[in-house]
Structures are given as C-alpha cells and as structure tokens.
Amino acid sequence: MSGTESNLDEAVVAARRAAERAADRAEDLADDLADEAGEHLDDLSDRVEDAADAVGGVLRDARETAADAVESITAQAGAAAGEAREALDDGVAYVSARYREHPAVVIAIAAAAVVGVCLVIRALTRR
-4 MSGTESNLDE
6 AVVAARRAAE
16 RAADRAEDLA
26 DDLADEAGEH
36 LDDLSDRVED
46 AADAVGGVLR
56 DARETAADAV
66 ESITAQAGAA
76 AGEAREALDD
86 GVAYVSARYR
96 EHPAVVIAIA
106 AAAVVGVCLV
116 IRALTRR
C-alpha cells in the first residue's frame, strides 16, 4: 500500500469513528431530550389535573351554595306566605266584624280605597 492509500484508509477510519461518536452523542442527546420532554409532559399533565380538580371543587361549592340558598329562600317564602295568610284572615275577620256593626262606614272606606288605587294606577300609567 502506498502512503496515500494508507493516509486515505486512516482518514476513512477516523471519519467512521467520528461519525460513530457523533451518532452515539446524537442518540444520547435524543434520549435526554425525550426524557426531559416526558418529564415536562408529566408535570403539565399533573398541573392540568390539579386545575381540573380545582374547577370541580369550585363548581361543587357553587352548587352546594346555590342549593342552600334555594332551601333558605323556600323556607322564607313559606314563612312569609303563612304570615300573609294569617294577616289576611285577621283583616277579613276585622272587616266582617266592623261591617256587622257599621255597614255604611265599611262600604264608604272600601269605595275610597278603590278610588285611591285607581288614582295611583292612573298616575303610574301616565308616566
């Protein structure tokens, strides 16, 4: 073998070794990048799960608060309706008793009340 061929063979061997080292290094870097990307994806997945849990918790709390509010409003409305019924019954009993004693006065007061309501309605509808 001549010196040139020997130098060429050595250059080819050196280039192959360099290419193998570069390929090994590229493979190591690719593995490292894949591992790091996997870790980031795991972290992102954990954060998404945490966010979903937080949103679910807020929705559960809002639903419970709304249910409590509906129960409270229902109870208050029932109590108000009961009190209104009692007041109406008391008013009817009072008017009935007064009507028996003085029918003309009760009729006059009722007529005045009807006229007053009509005037209020008329004033409101003009605006």
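Counting along the sequence shown from 1, when you hit position 33 you're at 28 in my numbering, and nothing is skipped either side. A virtual CB, placed ideally from N, CA and C, is assigned to each residue, including glycine.
- DSSP places residue 35 within a helical segment (H, G or I) once states are collapsed to three.
- A straight line joining the alpha-carbon of residue 37 with that of residue 69 spans about 47 Å.
- Between the beta-carbon of residue 101 and that of residue 110 there is about 15 Å, and that puts the pair past the 8 Å contact cut.
- In its chain, beyond the 5 residues on either side, no residue has a beta carbon closer than 8 Å to the beta carbon of residue 118.
- For the pair residue 19 and residue 11, the Cα-to-Cα distance works out to about 12 Å.
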